[in-house]
Amino acid sequence: MNLIKTGRILLLLVLALAAAAAIPLSAYAGVPYWTNSKEKQGRLIWTQPAYTPVGLFGKDLTIPDKNKPGTTKPSPLQNPKDLFVDKRDHVYVADTGNNRIVEFDGNGNWIRYIDVPESPLNKPEGVFVTDSQDIYVADTGNKRVVRLSKEGKLVKEFKRPDSKFIPESFKYDPTRLVVDKRGFLYIAVLGGYQGLLQLDPEGKFQSFYGANATVFSPLDALKRALYTKEMYANEISKLPGAISSVAVDKDGFLYTTTGGQGIKKNQIKKLSIRGLNMLDTPTDSFGETRPFDVKFATGGTVTPQLIDIAVDGNGNITAIDSSYKYINQYDANGNLLFFWAGPSSANTTQLGLMKNPVAVDAGSRNDLYLLDGQEGVVQIFRLSEFGIKVNEANKLTLAGRYEESEKHWREVLRLNANFTPAMLGLAKAAYKQGDYEEALRLFKRADDQKGYSDSFWQIRLKWFQSHFSTLATAALIAVVGFAAAERWTRGSRWRSAWRNRRRSSNPFVVQFKHVFYMLKHPIDGFSALRYENKGGYWSAIVILVGAYAALVVMRLFTSFSFNLVNAHRVNLLSLLLQYGLIWIGWVVSNYLVSSIYRGEGRFKDVFVGSAYALVPVIVLGVPLAVLSNVMTASEQAIYDFIQTMLYVWTALMVFWKIQSLQNYSVGETIVNIVLSLFAFLMLAVLVLVVLGLSGDLKDFLFEVYQEVRLR
């Protein structure tokens, strides 16, 4: 009985440990959301919470009740649009629905209302406070910006500036603004595709600043090429995206966000003095998503909409997404650190989640203040222990102090072994210290091709420096030995016997040797397949297998400097299916088109010829994969040239195959290829439709079976 009882206890302990292991890290911190990061290739990483919600405020505001002197009545925030945190950590909220600015202290305690009774505000949507505590308000309803003293008294109005450089169609509806240390204003206006409106301290127009580029799709380019001027004039004008928000960091650099459906790149920009974007990321894409959230998004919204931005004391960029209710945080170079939160329940206010995030700002301790426009509350997010460690380490890395950052990154990696920024930080530290092998390993784990290539270049250089004399001596001995052997064996009997050896008459050997003839004489070689029976099904199958093996080698063994694919995640069966279906679909399509379009080739000729046309994949693909492992990104041009030559050579072999086997002219060959590609596309669509209908038919038959069985 004791053994049974002990066994039950052990079983319960095992189950408890398994359940604990299954609980997400975020659940331990008691937050109602997941926190994520991403690998360089976009794969999701689950992390501990970087920020934890510590409180909210704004719901319990009151004002004196004029009907009942000495009493108050509720006056919560109504449709607030913006907030700003000054250097004292006082929070200013643009309470748009109540036509006022509300000031709180850093803990959310109400201080005062600012409503400018001498010139009342009307639907203010933006607020900014300078270090000297001057308050600037984007008074949207009055189409002006006002400057207030720290007591809230009106000092100056900035109405629409009078300038010949401002088009008449320009609508001056200020929504957000910042003021630099010189007192210059940068104003975002509603729908202002021209960029930020820059005014001097006196309100005189200076320029439009930081405008976005117009994005043209391939369809737009086709229209411009084909339409007449009259037809194109009737098209709806393509305008660049309008800036939705603006922020300034402690060094005076301006940051903007650009929202709008269809805008996927450069939603966040860091502007130089000339208004050019200084953020250089691999994809220029900001606004993160989780696959399951995209799948279940309501209303078909899949593009993140970044509507406000803040920059904290570490230079980290925080942007809020109105589509998925996420908070996205990037470092000063635009590299993703974290994204978290999500939509709140429709019926309750949930600390940490939001119904309609509209504004964000950071305090002096790098706390984040998030404004929920629908709930009318401000939520405070504080850095967790994990977030503090990441910030400390990343700050040192960005400052170039790699050795100092190493111990911090190691602690971060101890807490989360999959955190890509930690791997990158440690890789940079190892590279700085000359440990290039360790740097190579870490850069590969972090999917950083440039760092990997730089580390390999250093390793290769050291290897050549230590082995150069050995390599040079071996090369000299090989050249001298080959020349001597050539001279001494020139008249030997065995060389004469080799030259006069009996050639094999085996059909398979003859067909396989024909491949090498085709490489030098492709047109004659393909003609021989048709008229001299120099090719067969078995030799074609061997070449097809060889081409597939070459594709596998290229996918698995090409250097990481040129190939991001993780060998452990390559599905060889999927690759085989793709390769086989595309090749078979091409053969069938080309044969059908050739049969209709005056072609002379048989199905066997098309089958065998299409296989022989893949020989360049074997001849160049495998050597290129092997060669890539002794190359670095600095030899990218050589790699690209050989790869392009592989594609061009294969395409020419296909062209010559069709021309020779079908007895076409050059023009007829081009027409055949175009029609074959169209037939291939139609065949693919037909197969997809049949598969879809087969699935529906299977479900229908199963339901009929269930109905009959249950009755």
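Here the sequence shown stands for residues -29 to -1, 1 to 682, where the numbers follow mature numbering (1 follows the signal peptide of the UniProt record, and there is no 0).
All C-beta atoms in this analysis are idealised placements derived from N, C-alpha and C, irrespective of residue type, glycine included.
The model shown is predicted, which means the values in this text are computed figures rather than measured ones.
V288 versus Q300: straight-line alpha-carbon distance, rounded: For the purposes of this step, residue 288 is taken as residue 317 along the sequence shown, with counting starting at 1. For the purposes of this step, residue 300 is taken as residue 329 along the sequence shown, with counting starting at 1. Contrary to the premise, residue 288 reads as Ile rather than Val in this sequence. If you take the alpha carbons of I288 and Q300, they lie about 6 angstroms apart.
In the DSSP assignment, what are the bridge partners of E128? The count along the sequence shown starts at 1 and reaches residue 128 at position 157. Answer by DSSP bridge pairing, in chain order: V117.
Rounded to whole angstroms, what is the Cα-Cα separation between L(-5) and I106? For the purposes of this step, residue -5 is identified with residue 25 of the sequence shown, where counting begins at 1. For the purposes of this step, residue 106 is identified with residue 135 of the sequence shown, where counting begins at 1. Reliability of the predicted coordinates at L(-5) is poor, the pLDDT of 37 falling under 50, and no value is obtained from them.
Within 10 angstroms of its Cβ, does Q438 collect 16 or more other Cβ (buried), or is it exposed? Counting from one through the sequence shown, the residue named residue 438 turns up at place 467. It should be pointed out that residue 438 corresponds to His in this sequence rather than to Gln. When all chains shown are included, H438 counts as exposed.
Can you tell me which of G166, R458, Y84, K127 puts its alpha carbon nearest to the alpha carbon of P138? For the purposes of this step, residue 138 is taken as the residue at position 167 of the sequence shown. Nearest option by C-alpha distance: G166.
Where the beta strand (DSSP E) through E74 begins and ends: The residue you call residue 74 lines up with position 103 of the sequence shown. Residues 71 to 75.
Can you name, in chain order, every residue of its own chain whose Cβ lies under 6 angstroms from the Cβ of S293, other than the five neighbours on each side? Here residue 293 refers to the residue found at position 322 of the sequence shown. Closer than 6 angstroms at the Cβ level, and outside the excluded window around S293, lie Q276, I278.
Roughly how many angstroms separate the alpha carbons of P35 and F309, rounded to a whole number? As a working note, residue 35 is residue 64 in the sequence shown. As a working note, residue 309 is residue 338 in the sequence shown. So the alpha carbons of these two residues sit roughly 43 angstroms apart.
Please state whether the Cβ-Cβ distance between L32 and P47 is less than 7 angstroms. Within the sequence shown, the letter at position 61 stands for residue 32. Within the sequence shown, the letter at position 76 stands for residue 47. Result yes, Cβ atoms of L32 and P47 sit closer than 7 angstroms.
For W557, count neighbouring Cβ atoms within 10 angstroms of its own Cβ and tell me buried if that reaches 16, exposed if not. Along the sequence shown, read from residue 1 onward, the residue named residue 557 stands at position 586. Classification for W557: buried.
In chain order, what residues of the same chain lie with their CB nearer than 6 angstroms to the CB of I280, ignoring the 5 residues before and after it? Locating residue 280 in the sequence shown gives position 309, counting from the first residue. Closer than 6 angstroms at Cβ, skipping near neighbours: S216, A218, Y226, T228, A290.
Can a CB atom of chain B be found closer than 7 angstroms to the CB of F309? Protein chain content of the structure displayed is limited to a single chain, and chain B is not contained in it.
Which of helix, strand or coil DSSP assigns to V329: Sequence index remark: in the sequence shown, residue 329 carries index 358 (1-based). Reduced to three states, the DSSP call for V329 is strand.
Consult DSSP for F533 and reduce its assignment to one of helix, strand or coil. Counted from its first residue, the sequence shown places residue 533 at position 562. Annotated three-state conformation of F533 is coil, per DSSP.
Counting beta carbon pairs with one atom in the segment 370 to 390 and one in the segment 53 to 68, are three or more of them shorter than 8 angstroms? no
Within the continuous beta strand (DSSP E) that includes W554, where are the two ends? As a working mapping, residue 554 is identified with position 583 in the sequence shown. From DSSP, W554 is part of no beta strand (DSSP E) but of the alpha helix (DSSP H) over 543 to 567.
Just how far apart, CA to CA, sit residue 684 and V451? Because the chain is modelled from -29 through 682, residue 684 falls outside the range shown and cannot be assessed.
Proximity of A518 and I589 at Cβ, strictly below 7 angstroms: For the purposes of this step, residue 518 is identified with residue 547 of the sequence shown, where counting begins at 1. For the purposes of this step, residue 589 is identified with residue 618 of the sequence shown, where counting begins at 1. For A518 and I589, yes; Cβs fall inside 7 angstroms.
Within the continuous alpha helix (DSSP H) that includes K421, where are the two ends? Translated into the one-based positions of the sequence shown, residue 421 becomes position 450. It spans 420 to 459 - the alpha helix (DSSP H) in which K421 sits, taken as one unbroken run.
Verify whether the separation of the beta carbon atoms of G97 and T146 is less than 7 angstroms. Residue mapping note: residue 97 aligns to position 126 of the sequence shown, counting from 1. Residue mapping note: residue 146 aligns to position 175 of the sequence shown, counting from 1. Yes, the pair counts as a contact, with Cβ atoms nearer than the cut-off.
Enumerate, from N- to C-terminal direction, the unbroken alpha helix (DSSP H) stretches of 4 or more residues contained entirely within the segment 209 to 251. None, since the segment 209 to 251 contains no complete alpha helix (DSSP H) of that length.
Buried versus exposed call for L307 [16 or more other C-beta atoms within 10 Å across all chains shown]: As a first step, residue 307 is located in the sequence shown; it is residue number 336 there, counting from the start. Result: buried.
Looking at the secondary structure, which residues open and close the beta strand (DSSP E) in which G26 lies? Taking the sequence shown and counting its residues from 1, the one referred to as residue 26 is at position 55. That run of the beta strand (DSSP E) goes 22 to 28.
Please list, in chain order, all residues of the same chain as P172 whose beta carbon is under 6 angstroms from its beta carbon, the five residues on each side excluded. In the sequence shown, counting from the first residue as 1, residue 172 sits at position 201. Answer for P172: G154, listed in chain order.
Are the segment 361 to 371 and the segment 72 to 92 in contact at 8 angstroms, needing three or more beta carbon pairs? no
Exposed unless 16 or more other CB atoms sit within 10 angstroms - verdict on S140: In the sequence shown, residue 140 corresponds to position 169, counting from 1. Flag for S140 reads exposed.
Under a Cβ-count criterion, where at least 16 other Cβ atoms within 10 Å of its own Cβ denotes burial, should I(-21) be classed as buried or exposed? As a position in the sequence shown, residue -21 is number 9, starting the count at 1. Interpretation of I(-21) is limited by its pLDDT of 42, a score under 50 that renders its predicted location unreliable; no figure is taken from the coordinates.
Return the CA-CA distance between S90 and R71, expressed in angstroms with no decimal places. In the sequence shown, counting from the first residue as 1, residue 90 sits at position 119. In the sequence shown, counting from the first residue as 1, residue 71 sits at position 100. Taking C-alpha positions only, S90 is separated from R71 by approximately 11 angstroms.
Per DSSP, T18 forms a beta bridge with which residues? Taking the first residue of the sequence shown as 1, we reach residue 18 at position 47. Looking at the DSSP assignment, T18 forms a beta bridge with T6.
L632 vs R501 beta-carbon contact at 7 angstroms: In the sequence shown, residue 632 corresponds to position 661, counting from 1. In the sequence shown, residue 501 corresponds to position 530, counting from 1. Contact: yes.
Specify, as a first and last residue, the run of the alpha helix (DSSP H) that V586 falls within. In the sequence shown, the residue the question calls residue 586 occupies position 615. 586 to 599 is the span of the alpha helix (DSSP H), which, as asked, contains V586.
So the alpha helix (DSSP H) A608 belongs to, where does it begin and stop? On the sequence shown, residue 608 is found 637 positions in, with the first residue counted as 1. Per DSSP, A608 belongs to the alpha helix (DSSP H) from 607 to 633.
Please report the straight-line C-alpha distance between V523 and A582, rounded to a whole angstrom. Walking along the sequence shown from the start, residue 523 turns up at place 552. Walking along the sequence shown from the start, residue 582 turns up at place 611. V523 and A582: Cα-Cα distance of roughly 17 angstroms.
What is the rounded straight-line gap between the Cα of G323 and the Cα of E259? Walking along the sequence shown from the start, residue 323 turns up at place 352. Walking along the sequence shown from the start, residue 259 turns up at place 288. Answer to the nearest angstrom: the Cα atoms are 18 angstroms apart.
State buried or exposed for L354, treating a residue as buried only when at least 16 other CB atoms are found within 10 Å of its CB. To locate residue 354, count along the sequence shown from 1; it is residue 383. Classification for L354: buried.
Residues sharing a beta bridge with Y107, DSSP: Residue mapping note: residue 107 aligns to position 136 of the sequence shown, counting from 1. Answer is F99, R118, bridged to Y107.
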